[in-house]
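Engineer: Structure provided below as structure tokens; questions to follow.
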Amino acid sequence: MAMVHLICGMICSGKSHYAGRLREELNGLILSTDEITLSLPQEVIGDCFDRVSDGVNAYLMRKSLDVLATGTDVILDWGFWTAEKRSEIREFYRQHGVEFWFHYIDVDRDTLARNISERNRRVEAGETAAFFVDEGLAEKCRGLFVVPSRDEMDVWVDNRRQGV
1 MAMVHLICGM
11 ICSGKSHYAG
21 RLREELNGLI
31 LSTDEITLSL
41 PQEVIGDCFD
51 RVSDGVNAYL
61 MRKSLDVLAT
71 GTDVILDWGF
81 WTAEKRSEIR
91 EFYRQHGVEF
101 WFHYIDVDRD
111 TLARNISERN
121 RRVEAGETAA
131 FFVDEGLAEK
141 CRGLFVVPSR
151 DEMDVWVDNR
161 RQGV
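Going by the numbering used here, the first residue of the sequence shown is number 1, and it counts up by one from there.
Set out below in structure tokens:
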């Protein structure tokens, strides 16, 4: 039976990399809010990013049910930054009788800083389509993200780089 894998973690923690590995392992489909929002004209989104992102998430939740009906696992690469968001998605899938697992990507500050630096280098070089993370965005994200408790997560992934 197909199930949903919910990838929780800070910006640049390695969620998308992990989601890609899961996709290969499970032959699943990744549904990514960033993939859609990055394809939209950023000058149109402007200050409405959070509202647009919420709308994209609502659409992808409904679409995930269609994908699951085909027998394909779904990987939601969203972050699930607050306990409230995690609770909402749990309730949505419970109401639809869908099995799900939460995967938390744990990363320390040094690894996070290296990941942000590497991502920004790749964005500037045109090697990846991702949001550039300046210090203002990084600080905003640190202020918004609520680390889950261990009992909230089904899989805890240690994504710290050792001595790199």
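Every residue, glycine too, gets a C-beta built ideally from N, C-alpha and C.
To which residues of the same chain is residue 26 closer than 6 angstroms at the C-beta, ignoring the five residues directly before and after it?
Structural biologist: As a first step, residue 26 must be located in the sequence shown, where it is residue number 26. The residues are 73.
Engineer: Examine chain D for any beta-carbon lying closer than 8 angstroms to the beta-carbon of residue 16, and answer yes or no.
Structural biologist: The displayed structure is made up of one protein chain only, and chain D is not part of it.
Engineer: Going by DSSP, what residue range makes up the beta strand (DSSP E) through residue 100?
Structural biologist: The residue you call residue 100 lines up with position 100 of the sequence shown. Residue 100 -> beta strand (DSSP E) spans 100-106.
Engineer: Near residue 36, which residues of its chain fall below 6 angstroms by C-beta distance, leaving aside the five closest residues on each side in sequence?
Structural biologist: One-based indexing of the sequence shown puts residue 36 at position 36. If we look at residue 36 and ignore the five residues flanking it on each side, its Cβ neighbours are 56.
Engineer: For residue 164, name the three-state secondary structure that DSSP assigns.
Structural biologist: The residue given as residue 164 occupies position 164 in the sequence shown. With a pLDDT of 46 at residue 164, under the threshold of 50, the modelled position of this residue cannot be trusted; read the value that follows with caution. Looking at residue 164 - three-state DSSP - the assignment turns out to be coil, as it is neither helix nor strand.
Engineer: Over what stretch of residues does the alpha helix (DSSP H) that includes residue 79 continue unbroken?
Structural biologist: Translated into positions along the sequence shown, residue 79 becomes position 79. Note, residue 79: premise wrong, no alpha helix (DSSP H); beta strand (DSSP E) at 74-79.
Engineer: DSSP three-state label for residue 31, please.
Structural biologist: Against the sequence shown, residue 31 aligns to sequence position 31. Three-state result, residue 31: strand.
Engineer: Sort out for me which residues DSSP pairs residue 8 with in a bridge.
Structural biologist: Here residue 8 refers to the residue found at position 8 of the sequence shown. Answer is 79, 104.
Engineer: Report the rounded CA-to-CA distance for residue 19 versus residue 53, giving the unit in angstroms.
Structural biologist: Position 19 of the sequence shown, counted from the start, is the residue given in the question as residue 19. Position 53 of the sequence shown, counted from the start, is the residue given in the question as residue 53. Each residue's Cα considered, the two are about 19 angstroms apart.
Engineer: Going by C-alpha to C-alpha distance, which of 42, 28, 141 sits closest to residue 82?
Structural biologist: Here residue 82 refers to the residue found at position 82 of the sequence shown. Of the listed residues, the one whose Cα sits closest to residue 82 is 141.
Engineer: With H, G and I counted as helix, E and B as strand and the rest as coil, what does DSSP make of residue 146?
Structural biologist: Residue 146 sits at position 146 when you count from the first residue of the sequence shown. Residue 146: coil per DSSP, three-state reduction.
Engineer: Leaving out five residues before and five after residue 29 in sequence, what residues of the same chain have Cβ atoms less than 8 angstroms from its Cβ?
Structural biologist: Within the sequence shown, the letter at position 29 stands for residue 29. For residue 29, where only same-chain residues beyond five positions count, the Cβ hits under 8 angstroms are 23, 67, 72, 73, 74, 75.
Engineer: To the nearest angstrom, how far is it from the Cα of residue 21 to the Cα of residue 43?
Structural biologist: Locating residue 21 in the sequence shown gives position 21, counting from the first residue. Locating residue 43 in the sequence shown gives position 43, counting from the first residue. Roughly 33 angstroms separates the two Cα atoms.
Engineer: Below 8 angstroms on the Cβ atoms is my guess for residue 100 versus residue 152; work out the distance and round it to an integer in Å.
Structural biologist: Residue mapping note: residue 100 aligns to position 100 of the sequence shown, counting from 1. Residue mapping note: residue 152 aligns to position 152 of the sequence shown, counting from 1. Residue 100 to residue 152, Cβ: 12 angstroms. No contact.
Engineer: If you count every other CB in all the chains shown that lies within 10 Å of the CB of residue 118, and 16 or more means buried, which is it?
Structural biologist: As a position in the sequence shown, residue 118 is number 118, starting the count at 1. Exposed, since its Cβ has fewer than 16 Cβ neighbours within 10 Å.
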